[in-house]
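Protein chains in written order, with the working numbering: chain A, 206 to 660; chain B, 5 to 103. Encoded as structure tokens, the structure appears first; notes follow it.
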């Protein structure tokens, strides 16, 4: 067993080293390495035929090794828990997260709208430690060496891993909008839940009645497609009750509402007529942060509260990998394992990945990625082949007022011919109408997914 | 008689061994796609149906009714259509076996 472990490590380092070669070459070598591993695994295991027929089937090889997970959001926290759970604790897991608690982006629009507090969307990492035996370290990653399989921490020591899982979410590209960089305290994005969420809420509270709240939406793909339209509803819901002369102005860089269009338009018409104004094709060129003015391709806008969601890309953590990004923004992964293409031993989850067709960048989807990755990692650590045909699904609930909710759902199955996950034709869809029943489902979704990650 | 039973048992083990050799955790992985709403291993923390320990026939019947549009739903009719009949069976069996 010790020898095999050693070999696993050596082979791992070897295949990682080949990543610098052409992809085809590297893949060939990787395949050869995997076959070797498989053969070796077979030799070590007692042959089923050799066992007496009456004895129970031989116990499967336990996975071993050390997995470092970076990022404790919907993807990373789920991966950490599921690797521990599904490996019966045989794989050691270290989770590196810079925040001491998890704060959820889903439901955070209710904090913006004054219906929930930040505490309501904050969950502790304690259970990952005490119940699942995950070593949770509050720290920042300052370097990754995929060839040596090492990760450097800002304060703590350098860690060595057998596999690394990066779940960095998105980072913003404020430099794409002149005047925005460094002014997020004046022009918040509130697109990562936490202090920015509270900042936007404070600005809305301080805004006089009759003011204008302007929300800029970047071009797709961005995190949480229906999120901006839900936010418009939540702010309008607050205005309707407390500042009825105020306006919500949506400046969408996209040519149309990107998610649940009919349902949002119906809600705006029914609940917020005359209050919400929607402007498509509104590419933002620059902002004057102090004056809260926005320069669009066609004309300028003056707002009292200016909420700019900047263009986004994979979290900058992935830059340590030294790989090219798809469209200069996203990490191309094999969705059977979430392993980075051409970089064995490195798995990237969630929003940071180059999405498969019709796959949204959502917390729910990151949780599903994490389970596919967790299952694959355990199999690969044991020298076995991972699930050849994984399935993931997505559900996004959006509040249109304080109680009523609409959803979008999809199921994605592995397609061997296309080599990716594809939405199943005829499945999925949106709500028939907004309802309070789905409002209860949305909150139950939140409680269950937070428990699925962290309890 | 004993020898025949033994042969039959060996054949069965052999067959299931073959299926398992493909990928042994298909049911577990499929069921995990439900956990976001129905709780880890079907143990809901509230607001959705707990599936752990529910007889497989009951779960499967509900899923088939959702899929076929025979049971009122907000979302499950759309989700059930995304899985094959065999996958729905695996999911139902997995949850039924959870304590």
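Just so you know, even glycine gets a beta-carbon here, dropped at the ideal spot from N, CA and C.
Beta-carbon spacing of residue i, residue j below 9 angstroms
i, j, result
"residue 272 of chain A", "residue 367 of chain A", "yes"
"residue 527 of chain A", "residue 373 of chain A", "no"
"residue 501 of chain A", "residue 511 of chain A", "no"
"residue 339 of chain A", "residue 398 of chain A", "no"
"residue 383 of chain A", "residue 513 of chain A", "no"
"residue 599 of chain A", "residue 614 of chain A", "yes"
"residue 309 of chain A", "residue 268 of chain A", "no"
"residue 458 of chain A", "residue 422 of chain A", "yes"
"residue 710 of chain A", "residue 495 of chain A", "Absent from the model: residue 710 of chain A. The displayed extent of chain A is 206 to 660, so no value can be given."
"residue 619 of chain A", "residue 596 of chain A", "yes"
"residue 477 of chain A", "residue 508 of chain A", "no"
"residue 304 of chain A", "residue 277 of chain A", "yes"
"residue 392 of chain A", "residue 497 of chain A", "yes"
"residue 658 of chain A", "residue 517 of chain A", "no"
"residue 640 of chain A", "residue 82 of chain B", "no"
"residue 625 of chain A", "residue 594 of chain A", "no"
"residue 37 of chain B", "residue 616 of chain A", "yes"
Alpha-carbon spacing of residue i relative to residue j, whole angstroms
i, j, result
"residue 454 of chain A", "residue 519 of chain A", "28 angstroms"
"residue 515 of chain A", "residue 394 of chain A", "7 angstroms"
"residue 566 of chain A", "residue 74 of chain B", "32 angstroms"
"residue 224 of chain A", "residue 302 of chain A", "Here residue 224 of chain A scores only 32 on pLDDT, less than 50, and its place in the model should not be relied on; the value that follows carries that caveat. About 27 angstroms."
"residue 609 of chain A", "residue 549 of chain A", "45 angstroms"
"residue 568 of chain A", "residue 355 of chain A", "27 angstroms"
"residue 321 of chain A", "residue 291 of chain A", "34 angstroms"
"residue 432 of chain A", "residue 349 of chain A", "32 angstroms"
"residue 70 of chain B", "residue 80 of chain B", "6 angstroms"
"residue 481 of chain A", "residue 437 of chain A", "8 angstroms"
"residue 532 of chain A", "residue 100 of chain B", "45 angstroms"
"residue 279 of chain A", "residue 345 of chain A", "18 angstroms"
"residue 32 of chain B", "residue 543 of chain A", "18 angstroms"
"residue 557 of chain A", "residue 545 of chain A", "11 angstroms"
"residue 52 of chain B", "residue 468 of chain A", "24 angstroms"
"residue 486 of chain A", "residue 612 of chain A", "25 angstroms"
"residue 604 of chain A", "residue 335 of chain A", "34 angstroms"
"residue 638 of chain A", "residue 602 of chain A", "12 angstroms"
"residue 439 of chain A", "residue 418 of chain A", "12 angstroms"
"residue 376 of chain A", "residue 396 of chain A", "10 angstroms"
Chain B residues whose Cβ lies nearer than 7 angstroms to that of residue i
i, result
"residue 643 of chain A", "78"
"residue 595 of chain A", "33"
"residue 439 of chain A", "Neighbours of residue 439 of chain A on chain B: none; closest Cβ ~21 angstroms, over 7 angstroms."
"residue 569 of chain A", "40"
"residue 572 of chain A", "40"
"residue 580 of chain A", "29 and 33"
Interface residues of chain B facing residue i [CB-CB closer than 9 angstroms]
i, result
"residue 576 of chain A", "33, 36, 37 and 39"
"residue 536 of chain A", "Under the 9 angstroms cutoff, chain B gives no residues; its nearest Cβ is about 22 angstroms from residue 536 of chain A."
Under 8 angstroms from the C-beta of residue i: neighbouring residues of chain A
i, result
"residue 49 of chain B", "652, 653, 656 and 660"
Beta carbon proximity, residue i to chain C, threshold 9 angstroms
i, result
"residue 66 of chain B", "Of the protein chains in this structure, namely A and B, none is chain C."
Proximal residues of chain B, C-beta to C-beta of residue i below 8 angstroms
i, result
"residue 592 of chain A", "27, 29, 30 and 33"
"residue 648 of chain A", "51"
"residue 600 of chain A", "40, 41, 79 and 83"
"residue 499 of chain A", "By Cβ distance, chain B contributes nothing, its closest Cβ being about 36 angstroms from residue 499 of chain A, past 8 angstroms."
Cross-chain neighbours of residue i in chain A, by beta carbon under 7 angstroms
i, result
"residue 82 of chain B", "614, 632, 633 and 634"
Nearest to residue i (by Cα), restricted to the options the options
i, options, result
"residue 98 of chain B", "B:65, B:88 and B:35", "B:35"
"residue 452 of chain A", "A:415, A:463, A:462 and A:474", "A:415"
"residue 93 of chain B", "B:80, B:52 and B:66", "B:66"
"residue 298 of chain A", "A:341, A:386 and A:304", "A:341"
"residue 645 of chain A", "B:41, B:31 and B:95", "B:41"
"residue 629 of chain A", "B:78, B:63, B:86 and B:95", "B:86"
"residue 264 of chain A", "B:55, B:59 and B:28", "B:28"
"residue 573 of chain A", "B:89, B:81, B:79 and B:39", "B:39"
"residue 306 of chain A", "A:331, A:314, A:319 and A:288", "A:331"
"residue 444 of chain A", "A:639, A:300, A:607 and A:650", "A:607"
"residue 61 of chain B", "B:96, B:76 and B:72", "B:96"
"residue 327 of chain A", "A:400, A:289, A:380 and A:334", "A:400"
"residue 538 of chain A", "A:532, A:435, A:554 and A:602", "A:554"
"residue 88 of chain B", "B:64, B:102, B:57 and B:52", "B:64"
"residue 390 of chain A", "A:407, A:376 and A:534", "A:407"
"residue 463 of chain A", "A:449, A:475, A:484 and A:369", "A:484"
"residue 435 of chain A", "A:449, A:466, A:412 and A:627", "A:466"
"residue 319 of chain A", "A:448, A:363, A:387 and A:386", "A:448"
Cross-chain neighbours of residue i in chain A, by beta carbon under 9 angstroms
i, result
"residue 73 of chain B", "Per Cβ cutoff of 9 angstroms: no residues; residue 73 of chain B is ~12 angstroms from chain A at best."
"residue 86 of chain B", "596, 598, 614, 615, 616, 617, 618, 628, 629, 631, 632 and 633"
Taking contact to mean at least 3 C-beta pairs separated by less than 8 angstroms, is the region 283-295 of chain A in contact with the region 574-588 of chain A? yes
With three or more C-beta pairs closer than 8 angstroms as the rule, is the region 34-48 of chain B touching the region 587-594 of chain A? no
Any contact of the region 426-435 of chain A with the region 557-566 of chain A, i.e. 3+ C-beta pairs under 8 angstroms? yes
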